[in-house]
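Please read the structure below before turning to the comments.
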Amino acid sequence: AQSVTQLDSQVPVFEEAPVELRCNYSSSVSVYLFWYVQYPNQGLQLLLKYLSGSTLVKGINGFEAEFNKSQTSFHLRKPSVHISDTAEYFCAVSASYGQNFVFGPGTRLSVLP
Amino acid sequence: NAGVTQTPKFRILKIGQSMTLQCTQDMNHNYMYWYRQDPGMGLKLIYYSVGAGITDKGEVPNGYNVSRSTTEDFPLRLELAAPSQTSVYFCASSAQGRNEQFFGPGTRLTVL
Numbered sequence: 001a002q003s004v005t006q007l008d009s010q011v012p013v014f015e016e017a018p019v020e021l022r023c024n025y026s027s028s029v030s031v032y033l034f035w036y037v038q039y040p041n042q043g044l045q046l047l048l049k050y051l052s053g054s055t056l057v058k059g060i061n062g063f064e065a066e067f068n069k070s071q072t073s074f075h076l077r078k079p080s081v082h083i084s085d086t087a088e089y090f091c092a093v094s095a096s097y098g099q100n101f102v103f104g105p106g107t108r109l110s111v112l113p
Numbered sequence: 001n002a003g004v005t006q007t008p009k010f011r012i013l014k015i016g017q018s019m020t021l022q023c024t025q026d027m028n029h030n031y032m033y034w035y036r037q038d039p040g041m042g043l044k045l046i047y048y049s050v051g052a053g054i055t056d057k058g059e060v061p062n063g064y065n066v067s068r069s070t071t072e073d074f075p076l077r078l079e080l081a082a083p084s085q086t087s088v089y090f091c092a093s094s095a096q097g098r099n100e101q102f103f104g105p106g107t108r109l110t111v112l
């Protein structure tokens, strides 16, 4: 079975500063990796995904993530955040077969003026 | 395409009442899911379906039932509402079990 850890439950950061949201996973088989964003009172929206190929993945709204197989990590980064990036961010992993799709507990990003 | 739609958006139930949360997707996805999200918590899988006529339990199925008579619809039934079922419910769908999931806007349910 797969599992996902998001070490930071809350991350406050000032506007225009860089941010990194951490995600680590465990799995005995190859995985697909995802980051989702949830704005207040809305559903989840896909930010980016890693399926195969280049380990650096670019997503919407200027976010990117890097897959590191040796460290089993998929950290999310943005070089300069905006107030509008304030939201909950979820890392997720799915196995190479079957329908096992697991979400992490989420990280609440608060961008301060 | 509307994507994944859910109705109602909000509902207040009394203890012991029953209701059905509706979910419809127009992307011809085989896989559909029901999650609940409690404050400060992540998503917990209630039930999922890999195709019409096939459903299976997730992590927290007690107190809920589902059916999948068509590819498009995946309703979630609460038979005897309890305060512990106060939550936000999300429906999602995906083309394959390991591909990205597309989420509906959610249903906020309060049981008093």
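Top line first, the protein sequences correspond to chains A and B. Under my numbering, think of the first position of the first sequence as 1, with each following residue one higher. Under my numbering, think of the first position of the second sequence as 1, with each following residue one higher. C-beta atoms are modelled at their ideal positions from N, C-alpha and C, and glycine is treated no differently. Since we're looking at a predicted model, the values are computed, not measured.
Looking at the C-beta of residue i, does it have a partner C-beta in chain A at a distance below 7 Å?
i	result
G16 of chain B	no
R98 of chain B	yes
P105 of chain B	yes
F90 of chain B	yes
G3 of chain B	no
G58 of chain B	no
L43 of chain B	yes
Report yes or no: is there a C-beta of chain B within less than 7 Å of the C-beta of residue i?
i	result
Y162 of chain A	Not covered by the structure: residue 162 of chain A. The range shown for chain A is 1 to 113.
G106 of chain A	yes
G43 of chain A	yes
Y32 of chain A	yes
S3 of chain A	no
S110 of chain A	no
L21 of chain A	no
Please work out which residues of its chain come closer than 7 Å, Cβ to Cβ, to residue i, disregarding the five sequence neighbours upstream and downstream, and give them in chain order.
i	result
F103 of chain B	V4, F90 and A92
Around the C-beta of residue i, are 16 or more other C-beta atoms found within 10 angstroms, so that it is buried, or is it exposed?
i	result
L112 of chain B	exposed
Q122 of chain B	For residue 122 of chain B there is no data in the structure shown, the boundaries of chain B being 1 and 112.
S49 of chain B	buried
Q6 of chain A	buried
I54 of chain B	exposed
Q10 of chain A	exposed
H29 of chain B	buried
D85 of chain A	buried
T55 of chain A	exposed
G16 of chain B	exposed
T70 of chain B	exposed
Residues in its own chain within less than 6 Å of residue i by CB, not counting five upstream and five downstream?
i	result
T110 of chain B	I12 and T86
Q101 of chain B	A92 and S94
Looking only at its chain, what residues have a beta carbon closer than 8 Å to the beta carbon of residue i, apart from the 5 residues adjacent to it on each side?
i	result
Q38 of chain A	L44, Q45, A87, E88, Y89, F90 and G106
L112 of chain A	P12, V13, F14 and E15
*asked:* To test your reading of the DSSP string, which unbroken beta strand (DSSP E) runs of 3 or more residues are found completely within the segment 38 to 66 of chain B?
replied: Within the segment 38 to 66 of chain B, the complete beta strand (DSSP E) runs of at least 3 residues are 43 to 51, 54 to 57 and 64 to 66.
*Hey, which unbroken runs of the beta strand (DSSP E) at 3 residues or more fall wholly within the segment 7 to 40 of chain A?*
Counting whole runs of 3 or more residues, the segment 7 to 40 of chain A contains the beta strand (DSSP E) stretches 10 to 14, 19 to 21, 24 to 26 and 31 to 38.
*Against chain E: residues of the segment 59 to 73 of chain A by CB proximity under 7 Å*: Looking at the structure shown, chain E is missing, and the protein chains on hand are A and B.
*Residue ranges of each beta strand (DSSP E) run of no fewer than 3 residues wholly in the segment 65 to 107 of chain A, ordered along the chain?*
Whole beta strand (DSSP E) segments, 3+ residues: 73 to 78, 87 to 95 and 101 to 103.
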